[in-house]
Each structure stands twice: as structure tokens, then as C-alpha cells.
Amino acid sequence: MEILTAYIRKNSPVELAESRDKITLDIQAILTVIGKSKNNFNNENSKRLDLRGTFLQGATLQETNLQGATLQEANLQEVDLQEANLQGADFSEANLQGADLRSSHLEGADLCSAHIEEAYLYDTHLEKALLLDVHLERAGLNDAYLEKASFNGAHLEKAEFWGANLKGAEFWGANLEETLLREANLEGTLLREANLEGANLEGANLIEANLERAILMYANLKGANLEMANLKNANLEGANLKGAKNLTIDQLSKVKTLYKAKLDEELEKTLREKYPALFEKPNDQSVIFSDDSDEIQ
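Heads up: the sequence shown at position 137 corresponds to 139 in the working numbering, and the numbers run straight through without jumps.
Written as C-alpha cells, this is what we have:
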């Protein structure tokens, strides 16, 4: 395998992306041979497949075995990786724009700083995967399995997570503007300081989710389950909270603002009586809180 991967690294370096839009037939043939291997390249006794910095654009790798492979900084644009075994693989800083990863297995894979814009990841397994600072703008992750995946600092604008399982995942500081999270399972998810402006969370499970300091301006939370969710200092300006389940006065009393927010009638009436300031137009000046207290710095 080392001879084959060395051939690919030499004859199909990532620099070829400037002059080609697809791999050559010999590279495709070698990848097919490698992909049919039943070896586990992700254990201590096997050497990892080294395909870092290679040009693999447009390759067909359906049901291939690249478990534990190193594909760091590789060009994998529009590659077909449906149902592939990519567990533990290193795709950090790789280009996977427009790739087809439907039903593939990427458990524990490293996708940090990778570009996966407009890729197809429906029904894909990404449990415990590292996706720090990843670019997944407009990508499709409907019904994907993302339990305990790390998306801190990720770019997820207009991505689709309809029905996805994101239980225990981390999105600290991630950008989820206009992201579709309808009916997604976000139980126990860390969304602290995440930007969810205009996101669709209708019917989502947000039990015990941490939304502290999150931006939820004009987000749709209709019918979402917010039982024991942390909404401290969250910006809910214009958010739709009608029909939200298990939402309490105590939770909403701690948010940054409810200006123009849509609430169930009885809930809004009580909040306006007890916390009228929450419905006032927020000050343009940002209020910064320390990590250890609620005192303005």
C-alpha cells in the first residue's frame, strides 16, 4: 500500500488543481485497489494510508475503506464517498466542497478547518468527530449522527440538520445563521455564544442545552422543547417562542432581551408584569459579562 500511496502523492499532488478538474484514470484505478482493502489502517499494527496533499478531485470511492487514512490538505472536491469507511481519518484542512458523503462513516474523524461547503452528508455518521473551525456552509446533514461531535468555531450558515442527532455536541462560538435544525436532537448540546440568528429550530429537542449568550435573533423556536435549557444572557430579539415546551418564567427572566419576541399569551403577560425591561428596545452598546459573574465590566 505504501508504494501505491507514494505513487499518488508523486503523480497527483494538490497543485494539479490549478490545471485539472478531475483525477486521471491511473490514479482512479489505484484508489479503487486501495479502497477494496479489508485492512484496518487505524490500529497500532498498521501504517496509516498517507494521501496528504494529494489531488483527488472527482474520484469515485463508493463503499471504499480509508479508515484511519491521512488526507490532510487533500483536494477531494466532488468526490463520491457514499457509504465509505472513513473512521478516524484525518481530513484537516482538506477541500471536500460538493463531496457526496451520504451514509458514510466518519466516527472520530478529524475535519478541523476543512472546507465541506455544499457537501452531501445525509445519514452520515460523525459521532465524536472533530470539526473545529470547519466550513459547512449550505451543506446537507439531514438525519446525520453527530453525537458528541465538536463544531466549536465552525461556519454552518444555511446548513441543513433536519432530524439530525446532535446530542451532546459542541458549537461554542459557531456561526449557525439561517441554519435548518428543525426536529433535530440538541439535548445537552453546548451552543454558548453561538450565532443562531434566523435559524429554524422548530420542534427541536433542546433539553438541557446551553444557550448562554447565544444570538437567537428572529430564530424560529416554535414547538421546541426547552426544558432546563440555559438561556442566560441569550439574545431572543424577534424570536418565535410560541408553543415552546417546558419554557419557564425563570428561564426567560435571565435572557438579554425579548424585544419583538413572540410568546404564548399567558407567558408574555406574566413576563411583561414582572420584567418589563426585557421587552424594551435593546441598547446598541454591547454588554460584556465576565465568565465568573454577571457584573458589567
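Glycine included, every Cβ here is placed at the ideal spot set by N, Cα and C.
Asked: Are there 16 or more other CB atoms within 10 angstroms of the CB of R274, so buried, or fewer, so exposed?; Found: exposed
Asked: Short of 6 angstroms in beta carbon distance, which residues of its chain neighbour K234, apart from the five on each side in sequence? Order them along the chain.; Found: E214, K256
Asked: Taking its Cβ as the centre, do 16 or more other Cβ atoms sit within 10 Å of N285, making it buried, or is it exposed?; Found: exposed
Asked: Return the CA-CA distance between A131 and K276, expressed in angstroms with no decimal places.; Found: 44 angstroms
Asked: Output the distance between the C-alpha atoms of P15 and Q89, rounded to the nearest integer angstrom.; Found: 24 angstroms
Asked: Less than 8 angstroms between the CB atoms is what I'm expecting for K169 and E195, so what's the real figure, rounded?; Found: Between E195 and K169 the Cβ distance is about 20 angstroms, and since that is not below 8 angstroms, they are no contact.
Asked: Restricting to Cα atoms, I'd like to know which of L280, Q69, E268 is closest to K262.; Found: L280
Asked: Considering only DSSP beta bridges, list what N144 is partnered with.; Found: Partner(s): none; N144 has no beta bridge.
Asked: Would you mind sorting L27 into buried or exposed? The rule is 16 or more other CB atoms within 10 Å of its CB.; Found: exposed
Asked: Around the C-beta of N248, are 16 or more other C-beta atoms found within 10 angstroms, so that it is buried, or is it exposed?; Found: exposed
Asked: To which residues of the same chain is L265 closer than 6 angstroms at the C-beta, ignoring the five residues directly before and after it?; Found: L243
Asked: Whole angstroms is fine: what's the gap from N13's alpha carbon to Q59's?; Found: 14 angstroms
Asked: Below 8 angstroms between beta carbons: does that hold for L73 and D102?; Found: no
Asked: Could you give the first and the last residue of the continuous alpha helix (DSSP H) run that contains G37?; Found: 27–37
Asked: Where does P284 sit, in a helix, a strand or coil, going by DSSP?; Found: coil
Asked: Apart from the five residues just before and just after E109, which ones in its own chain have a Cβ nearer than 8 angstroms to its Cβ?; Found: Q89, G90, H127, L128, E129, K130, A131
Asked: Going by CA-CA distance only, name the one from A241, A31, T66 that's closest to Y220.; Found: A241
Asked: Could you give the first and the last residue of the continuous alpha helix (DSSP H) run that contains I251?; Found: 251–255
Asked: By Cβ distance, which residues of its chain are closer than 7 angstroms to R54, with the 5 residues on each side in sequence left out?; Found: T72, L73, Q74, E75, A76
Asked: Keeping to the same chain, check which residues put their C-beta closer than 7 angstroms to that of E4; ignore five residues upstream and five downstream.; Found: K49
Asked: Exposed or buried, T250, counting other C-beta atoms within 10 Å across all chains shown (16 or more means buried)?; Found: exposed
Asked: Whole angstroms are fine: how far does the CA of L238 sit from the CA of A19?; Found: 44 angstroms
Asked: So what's I217 in DSSP terms, helix, strand or just coil?; Found: strand
Asked: In terms of residues, what are the limits of the alpha helix (DSSP H) holding K271?; Found: 267–276
Asked: Among D52, M230, K224, L182, which has the Cα closest to the Cα of D252?; Found: M230
Asked: Which class does K12 belong to by DSSP, given the choice of helix, strand or coil?; Found: helix
Asked: Under the three-state reduction of DSSP, which class applies to N47: helix, strand or coil?; Found: Any reading at N47 is ruled out, since the residue's pLDDT is 47, under 50, leaving its predicted position unreliable.
Asked: Taking only the alpha-carbon atoms, compute the straight-line gap between Q99 and V35 and give it to the nearest angstrom.; Found: 24 angstroms
Asked: If you draw a straight line from the C-alpha of V136 to the C-alpha of K38, how long is it?; Found: 29 angstroms
Asked: Who are the near neighbours of A146 in its chain, counting only those whose CB is closer than 8 angstroms to its CB and skipping five residues on each side?; Found: L123, Y124, D125, T126, H127, L128, F163, A166, N167
Asked: A211 and L223: beta carbons closer than 8 angstroms?; Found: no
Asked: Would you tell me roughly how many angstroms separate the C-alpha atoms of S21 and K283, rounded to the nearest one?; Found: 54 angstroms
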